[in-house]
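Put into structure tokens, the structure is as follows:
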């Protein structure tokens with residue numbers, strides 16, 4: 004039994020299940036639209052610039068993230084969590100519509116801008132959904148609900164990926180940018196319904212009188228579990244960045260045609276979400292109830308280290324795709340569900356403000372930092388040997404194991420009996 008049992012400012016009763024159904028359906032539209040965006044925008048970027056500049060574009064993502072998250076904190080203070088989510092969703096929809104029109108007008112720079120935006124917007128929105136869930140469920144409910152919530156949300160990207168597979172070459176990649184924006188409209192309506200059913204989570208008196216600033220950055224340094232989560236998230240994204248870049252490098256060499264690449268990526272991401280879907284409904288609920296968080300948190304990076312070794316030994320597109328598929332499949336299911344349990348006992352500011360920095364900004368900053376280091380290496384050394392990316396993946400996975408151990412101890416509360 005886990006010692007972390009303090010409830011969030013959650014709710015129970017007859018509106019809980021309908022609220023979770025609504026937020027799950029909203030998430031399905033959100034990540035389904037993202038599926039349209041990430042597969043086609045990556046392919047459009049490669050068509051416009053090649054895969055070489057991708058690390059340079061990734062280094063710009065944290066800059067945009069910092070601006071967007073700061074704006075999020077300001078809006079959260081003024082409007083509260085419900086209306087902040089609505090503003091975020093509708094603003095992202097407008098951004099996709101504008102980018103679509105710019106690309107239709109032949110503006111090549113719009114592709115680069117859209118690539119950076121696509122990397123940024125999704126994590127900010129996803130964390131707002133989880134902030135609501137973590138503020139509505141207590142830990143007992145979360146162990147039962149988190150897996151099905153993830154599984155239900157995965158229906159969106161699975162269907163989107165299959166749609167891409169069959170229609171990308173027929174419709175053209177640019178049309179899916181428009182569909183990504185349209186999908187945010189039902190996401191906004193359904194998330195609003197979820198808030199109406201469950202109510203708006205409210206900050207405590209201590210939260211209202213806490214540290215100045217829209218993001219409460221000092222809270223992260225003063226809360227052990229938050230900076231430990233930040234370390235694990237950062238290292239996981241170093242692994243993801245190196246593995247992603249290896250996949251794109253091999254993809255460009257193996258499939259030179261733009262729309263065929265979009266179709267391949269659509270199939271790949273549908274496979275990722277299919278694996279995650281199965282894990283979310285079956286493996287995740289069982290694991291959260293039967294296995295210790297310590298075992299879950301440490302076993303993930305160990306598995307990824309093994310896959311990095313396979314990438315080093317076999318420079319094939321299928322191996323890189325398998326490594327990224329396993330990483331994303333686990334990240335979207337049991338790893339995400341278990342990590343979210345750590346936030347439930349924390350304060351409103353930790354769940355709604357610090358979480359955006361720890362999970363959203365840190366998620367993309369770490370990926371961008373990894374890309375920046377790779378960009379510097381490419382600038383100084385020229386073309387990097389093929390083993391570079393798998394070697395970086397292996398190093399990141401090894402460091403992740405070492406960071407996961409103290410986080411696992413904090414999760415289990417071995418020394419103090421509670422999360423610090």
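In our numbering, the protein residues as written are 4 to 423.
Heads up, the beta-carbon is just placed ideally off N, CA and C, and yes, glycines get one too.
Note that the structure is predicted; figures quoted are calculated from it, not measured.
* Measuring CA to CA, which of 66, 307, 359, 341 is closest to residue 218? -> 359
* Could you tell me whether the stretch 240-257 touches the stretch 114-123, where touching means 3 or more Cβ pairs closer than 8 Å? => no
* Asked: Within the chosen definition, does the stretch 191-210 reach the stretch 66-78 through at least 3 CB pairs nearer than 8 Å?
  -> no
* To do: Counting only runs of 4+ residues fully inside the stretch 106-185, write out the alpha helix (DSSP H) ranges in chain order.
  => 112-139, 142-174, 177-185
* Asked: Can you name the start and end residues of the alpha helix (DSSP H) that residue 307 belongs to?
  -> 296-316
* Cβ pair count under 8 Å reaching 3, the stretch 363-383 against the stretch 254-271 -> no
* Asked: Is the stretch 53-66 in contact with the stretch 178-187, if contact means three or more CB pairs nearer than 8 Å?
  -> The stretch 53-66 is not in contact with the stretch 178-187.
* Closest by C-alpha distance to residue 226, when choosing among 241, 413, 33 -> 413
* The alpha helix (DSSP H) enclosing residue 272, as first and last residue numbers -> 261-281
* Which residues mark the beginning and the end of the alpha helix (DSSP H) in which residue 21 is found? -> 19-52
* **Closest Cα partner of residue 147 within the set 394, 350, 19** => Closest option to residue 147, Cα to Cα, is 19.
* Continuous alpha helix (DSSP H) assignments of at least 4 residues falling wholly in the stretch 225-258 -> 227-257
* How many Å lie between residue 446 and residue 355 at the Cα? -> Not covered by the structure: residue 446. The range shown for the chain is 4 to 423.
* Asked: Using the beta-carbon count (16 or more within 10 Å), is residue 169 buried or exposed?
  -> exposed
* Asked: Ordered along the chain, which non-local residues of its own chain (more than five positions away) have a Cβ less than 7 Å from that of residue 290?
  -> Answer for residue 290: 299, 337, listed in chain order.
* Residue span of the alpha helix (DSSP H) that contains residue 346, given as start and end -> Element bounds for residue 346: n/a, residue is neither H nor E.
* Which residue comes first and which comes last in the alpha helix (DSSP H) that contains residue 330? -> That run of the alpha helix (DSSP H) goes 320-333.
* To do: Confirm, please, whether the CB-CB distance from residue 349 to residue 229 is below 9 Å.
  => yes
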